[in-house]
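Protein chains: 2
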Amino acid sequence: MNDSYVHGYEARENERLQDQAGALVELLHDDTTYPAGNLVLEVGCGVGAQTLILARRSPDAQFTSIDISAESLGRAEQKTAAAGLTNVKFEQADIFDLPYKSESFDHVFVCFVLEHLSHPREALMILKNVLRPSGTITVIEGDHASTFFYPDNVVAHAAIQSLVKVQAQAGGNALIGRQLYPLMLEAGFDDVKVSPRMVYVDGSRPDLIDAFTKKTFTAMIEGARESAIAADLIDPERFDEGVKALYRAAESDGVFCYTFFKAVARKSEP
Amino acid sequence: MNDSYVHGYEARENERLQDQAGALVELLHDDTTYPAGNLVLEVGCGVGAQTLILARRSPDAQFTSIDISAESLGRAEQKTAAAGLTNVKFEQADIFDLPYKSESFDHVFVCFVLEHLSHPREALMILKNVLRPSGTITVIEGDHASTFFYPDNVVAHAAIQSLVKVQAQAGGNALIGRQLYPLMLEAGFDDVKVSPRMVYVDGSRPDLIDAFTKKTFTAMIEGARESAIAADLIDPERFDEGVKALYRAAESDGVFCYTFFKAVARKSEP
Numbered sequence: 010m011n012d013s014y015v016h017g018y019e020a021r022e023n024e025r026l027q028d029q030a031g032a033l034v035e036l037l038h039d040d041t042t043y044p045a046g047n048l049v050l051e052v053g054c055g056v057g058a059q060t061l062i063l064a065r066r067s068p069d070a071q072f073t074s075i076d077i078s079a080e081s082l083g084r085a086e087q088k089t090a091a092a093g094l095t096n097v098k099f100e101q102a103d104i105f106d107l108p109y110k111s112e113s114f115d116h117v118f119v120c121f122v123l124e125h126l127s128h129p130r131e132a133l134m135i136l137k138n139v140l141r142p143s144g145t146i147t148v149i150e151g152d153h154a155s156t157f158f159y160p161d162n163v164v165a166h167a168a169i170q171s172l173v174k175v176q177a178q179a180g181g182n183a184l185i186g187r188q189l190y191p192l193m194l195e196a197g198f199d200d201v202k203v204s205p206r207m208v209y210v211d212g213s214r215p216d217l218i219d220a221f222t223k224k225t226f227t228a229m230i231e232g233a234r235e236s237a238i239a240a241d242l243i244d245p246e247r248f249d250e251g252v253k254a255l256y257r258a259a260e261s262d263g264v265f266c267y268t269f270f271k272a273v274a275r276k277s278e279p
Numbered sequence: 010m011n012d013s014y015v016h017g018y019e020a021r022e023n024e025r026l027q028d029q030a031g032a033l034v035e036l037l038h039d040d041t042t043y044p045a046g047n048l049v050l051e052v053g054c055g056v057g058a059q060t061l062i063l064a065r066r067s068p069d070a071q072f073t074s075i076d077i078s079a080e081s082l083g084r085a086e087q088k089t090a091a092a093g094l095t096n097v098k099f100e101q102a103d104i105f106d107l108p109y110k111s112e113s114f115d116h117v118f119v120c121f122v123l124e125h126l127s128h129p130r131e132a133l134m135i136l137k138n139v140l141r142p143s144g145t146i147t148v149i150e151g152d153h154a155s156t157f158f159y160p161d162n163v164v165a166h167a168a169i170q171s172l173v174k175v176q177a178q179a180g181g182n183a184l185i186g187r188q189l190y191p192l193m194l195e196a197g198f199d200d201v202k203v204s205p206r207m208v209y210v211d212g213s214r215p216d217l218i219d220a221f222t223k224k225t226f227t228a229m230i231e232g233a234r235e236s237a238i239a240a241d242l243i244d245p246e247r248f249d250e251g252v253k254a255l256y257r258a259a260e261s262d263g264v265f266c267y268t269f270f271k272a273v274a275r276k277s278e279p
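If you read the protein sequences in the order shown, they are chains A and B.
Under the working numbering, think of the first position of the first sequence as 10, with each following residue one higher.
Under the working numbering, think of the first position of the second sequence as 10, with each following residue one higher.
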């Protein structure tokens, strides 16, 4: 959401986010639909990976999708136009300085955003303010230290930890998924329900090995190589050895597990 | 399955296994039922925690439940008798020296057993031998290093790792859950399907906090205290600090995650 956004904005990253969106749609979004005529704020839409899914799944709801990056918004807009979607309005905005009045939206949707913020609870409270009473908020976040795999490998965990630390130094929290339940309560939401969504990948799913283990997760770790090394968080050789062990877990007799968390909650009546 | 069984056979352990069985029945066993008249071998039934569930869920199947411990079998037998179940026969037997002819059973069921064996693949091949062609095998195992929690705590992970090491020194593998898919393939089974079963516990589930986080998982870690310290795998102070951090994750604003794995596979036609 700002200059310190660790995933970068390059072409390869864009591709990664597309792969991720494709492979994970069912797992993450199957239970999210919005009624006709409802106004939904999507926060931190980026290049529109989730926007397309949301807008297609709820064709009669009206989406306002915001991001701080004009370039990302441009790509997101191109994509929704190419897909023939007419129920999304894009606006450049900062989550901490929203140009909306209180109670402007029926629902709020936040996906892969809180992990990058130094003040996620405050962000949630701001979003609660633009939500109407009894409106819902949906938050989806990953948790990089939920990762485990076979064969297990301590150096691969060290490489993952180096990304966790890069993200922490930038003010983020790559372990925020596990924390969603207390965070939502602290922000004052009611009826908080959190469910884990584990991506389990073994040799019976070569499509997921490719789309998730390699092109989503391992590509994300590889994307942090220069930052992690520049910040002296890990040696180049050790980092590369860890990445190699992640590719090993992506072979046909390997297993890979990663858990996303989805929280749905309600704003209380006044 | 032998003298080095790390969980011990004391009363408290017995109680723990009962709590575990109660809280996890749905998550682990909901999709396991056997047809009327089918013969099912339950391997390593212990004190009968799973036996009761199996026999109740498939009242017209015939179970043969084996264990190496006569004492455990006695308790299991008492329990099934007290529950009025008449479709279970208990027999004392060693998985590596089974008193059954080839193809004696329609199905095999194994729960929390492979983690204690130094040769799990060989055990699976022996079980394949007593299974009829196109019969099924169901294997359920935990994975102690799948554990993560909020607040995260490095000392709690060290305490967990000390149990993992105790189990490894006894020839077992506390991380076997993630490995089920390749293991079943290596043992020669067909149609191997593995699904993760995550126990997710937050403040909305005080029953699970009590039954799983405290009385199952943390009690199991505490049960390894003397062995881990005697084997010089961890300092007493560090161990106790780790256990304290696990109880911290069991408070109402804490979160706890643990993943079991369930594999179902088929013996190929000759």
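Glycine included, each C-beta is placed from N, C-alpha and C at the ideal position.
Among the residues facing chain B, Gln176 (chain A) is not included, as its CB has no counterpart in that chain under 9 Å away. Among the residues of the region 155–177 of chain B, those with a Cβ less than 9 Å away from any Cβ of chain A are Ser155, Phe157, Phe158, Tyr159, Pro160 and Asp161, in the order of the chain.
Its chain contains Val139 as the residues whose beta carbon lies nearer than 6 Å to that of Ser113 (chain A), once the 5 sequence neighbours on both sides are disregarded; these appear in chain order.
Ser236 (chain B) carries a helical assignment under DSSP once its states are collapsed to helix, strand and coil. Look at the region 216–232 of chain B: it has no residue with a C-beta under 9 Å from a C-beta of chain A. With a threshold of 9 Å between beta carbons, Gly251 (chain A) makes no contact with chain B. Residue range Val264 to Arg275 is occupied by the beta strand (DSSP E) that includes Arg275 (chain A). Going by DSSP, Val173 (chain A) is part of the alpha helix (DSSP H) stretching over Val163 to Gln178. Using a CB distance cut-off of 9 Å, Gly181 (chain B) does not count as an interface residue toward chain A. In this model, Lys271 (chain B) and Val148 (chain B) are separated by some 6 Å (Cα to Cα). Proximity of chain B to Pro129 (chain A) at the Cβ level (cut-off 8 Å) is not reached, the minimal Cβ distance being about 13 Å.
In chain order, Lys271 place their CB closer than 6 Å to the CB of Ser204 (chain B), counting only its own chain and leaving out the 5 sequence neighbours on each side. No Cβ of chain B is located within less than 9 Å of the beta carbon of Met134 (chain A). Put simply, the CB of Gly144 (chain A) is far from chain B, with every gap to its CB atoms at 9 Å or more. Excluding the 5 residues flanking it on each side, Leu172 (chain B) has same chain C-beta neighbours closer than 6 Å at Ile230 and Ala233, in chain order.
From the beta-carbon of Met207 (chain A), the residues of chain B found nearer than 8 Å are Pro205, Met207 and Thr268. For the 9 Å CB-CB criterion, Val210 (chain A) and Phe265 (chain A) form a contact.
Sequence-distant partners of Pro44 (chain B) (beyond 5 residues in either direction) whose C-beta falls short of 7 Å from its own C-beta, in its chain, are Ala70.
Sixteen is the threshold: when 16 or more other Cβ atoms of the shown chains lie within 10 Å of the Cβ of Gly144 (chain B), as they do, the residue is buried. Taking a C-beta distance under 9 Å as the contact criterion, Thr225 (chain B) and Ala259 (chain B) do not qualify as a contact pair. Among the residues of chain B, those whose CB is under 8 Å from the CB of Gly212 (chain A) are Tyr190, Pro191 and Leu194, following chain order. What Asp262 (chain A) touches in chain B, judged by beta-carbon distance under 9 Å, is Tyr190, Pro191, Leu194 and Glu195, going in chain order. Secondary structure of Gly197 (chain A) (DSSP, three-state): coil.
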